[in-house]
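Protein chains: 2
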Amino acid sequence: MATLGTEVQTPRLAAARIGSDVGLLLAKLHAAGSVLNNKALADFGLRERSFSVLTLACSGLEPTQRELADFLSLDPSQVVTLVDDLERRGLVERAQGKQDRRAKIIVSTAEGRRMHTKARAALDAAELHQLAGLTDGESQELKRLLRKALWGTAE
Amino acid sequence: MATLGTEVQTPRLAAARIGSDVGLLLAKLHAAGSVLNNKALADFGLRERSFSVLTLACSGLEPTQRELADFLSLDPSQVVTLVDDLERRGLVERAQGKQDRRAKIIVSTAEGRRMHTKARAALDAAELHQLAGLTDGESQELKRLLRKALWGTAE
DNA sequence: AAACAATCGTTGACTTTTTCAATGATCCGT
DNA sequence: ACGGATCATTGAAAAAGTCAACGATTGTTT
C-alpha cells in the first residue's frame, strides 16, 4: 500500500502496455481509494467494509447476512465478524428472518443511523478527493460504466 | 471471493445508495476480475501479479524492483518473492542497475518473452469477457477514465 | 409424515497475504 | 571522509482469506 490519492505524476512504467490493463488499473485505483476511505472513516471507528454493512443496514432493504456476503464479495464468516463488531457497538441489530428463521436480518439502530450520516459525509468527501482529476460528468460516467460492467444495468 | 465475471442480474442490494459508491464498485469489479484473470493465467503457472512483473520485464523499460513495488502498489519484500519465483523459472533475470549499483533491474529472458506472449493472449481474452457487457467504445472510455483518475493523464 | 438433501449463520483451523523492522551494500550531500 | 538516505533482502508478527464442519431450519421426495 504505497500510493496516495492521485499520484503526483504519471509514473515512468505506465507507458508499458500493462498501463492499459483493466485489472491493473482497477487494482491501483482500488488500493489508492481504500487507504483514502479508511483514513476518512477512522474517525468513526469504521473501515470500508464495516461502513458498507452499516450503510446496507440503514438502507431499509433488510439484508440477510448471506445477501451481504454475496453483495460485498465476502465469505459468510467474514460477515459474522463485521456484524459482531457493529452489534457490540450498538450500531446494528440481528433480527430474525421473516420467512426463513435460519436467516438473520441486519437492521440499524438509531445510534447506527446517526453514525452513518456522519460517516457518509466523510466518505463522500474522500471520494470527491479521489476523483478530483475528473470532471463531474466524467465521475458520473465512470460510475455508470462500472455499474454496467458489473450488472449490465442499462441505467 | 464469491462472484464470477458478470453477474447474472442486478442484485437486490444494489438499489441502496452504496450501489453507487466508487469504492464498492471498484472492489467488486476488481474482485471479479481477479478470479477471472487468475483462472486464465493458471495454465501458465502465473497469477495477476507475477504476470504484471513479467510484462514490465518484457517492456524494455528496464524497471528496478523499487519501481515495480511503487507501480504495482506492493511492498518491496513482495516484489522480491515475485521476482524470485520468475527468476527460478528462467523467465526473468536480475541485472545490476546502471547508475545505481544497489538497484536490480528486472529483464526478461527469451523464454520469458515466449511465455508472456501466450499469457498476454489469455489475459486479453479474459478482460474481453469481463467487459462483455460494455460496448467497445465504453471499454475504451472506462480505461481512459481510470487512467485519468489515477494519473491525470490527458490522453 | 418421515426421511432426505440443501441452506443459513457460526465456529475453529488452516493457509495466504500484508505489514514492518532490521541489515549490508551503495549512493549522495556536506 | 563522514552521515544520512535509499536499495534489495530477510524474517517475524499481524491481518485477511479460505474452508470444512456443526446445529438449526427449510424445502423436497417418497
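Taken in sequence, the protein lines are chains A and B.
Just so we're aligned, residue 1 is where the first sequence starts under the numbering used here, counting upward by one.
Just so we're aligned, residue 156 is where the second sequence starts under the numbering used here, counting upward by one.
Beta carbons are placed, not taken as given, at the ideal position from N, Cα and C, and that holds for glycine.
The alpha helix (DSSP H) with residue i in it runs from where to where?
i      : result
A182/B : 177-197
R49/A  : 48-57
Q233/B : 231-243
Does residue i come out as helix, strand or coil in the three-state DSSP assignment?
i      : result
E62/A  : coil
Q254/B : coil
L4/A   : With a pLDDT of 41 at L4/A, under the threshold of 50, the modelled position of that residue is not reliable, and the figure given next carries that caveat. Coil at L4/A, not helix or strand.
A149/A : helix
Considering only their Cβ atoms, is the gap separating residue j from residue i smaller than 7 Å?
i      : j      : result
E48/A  : G178/B : yes
G137/A : G307/B : no
A40/A  : A126/A : yes
V208/B : L237/B : yes
A224/B : V235/B : no
S228/B : A31/A  : yes
E111/A : L91/A  : yes
K298/B : S20/A  : yes
L150/A : L216/B : no
L26/A  : L184/B : yes
C58/A  : R113/A : yes
F71/A  : P231/B : no
TODO: Pick out the complete alpha helix (DSSP H) segments inside the segment 109-141 of chain A, 4 residues or longer, and give them in chain order.
DONE: 110-130
Task: the segment 103-114 of chain A in contact with the segment 65-80 of chain A per 3-pair CB rule at 8 Å - done: yes
Open item on the list: Is it the case that the segment 240-256 of chain B contacts the segment 38-53 of chain A, given that we only count it when at least three CB pairs across the two stretches are under 8 Å?
Closed with: No, the segment 38-53 of chain A does not touch the segment 240-256 of chain B.
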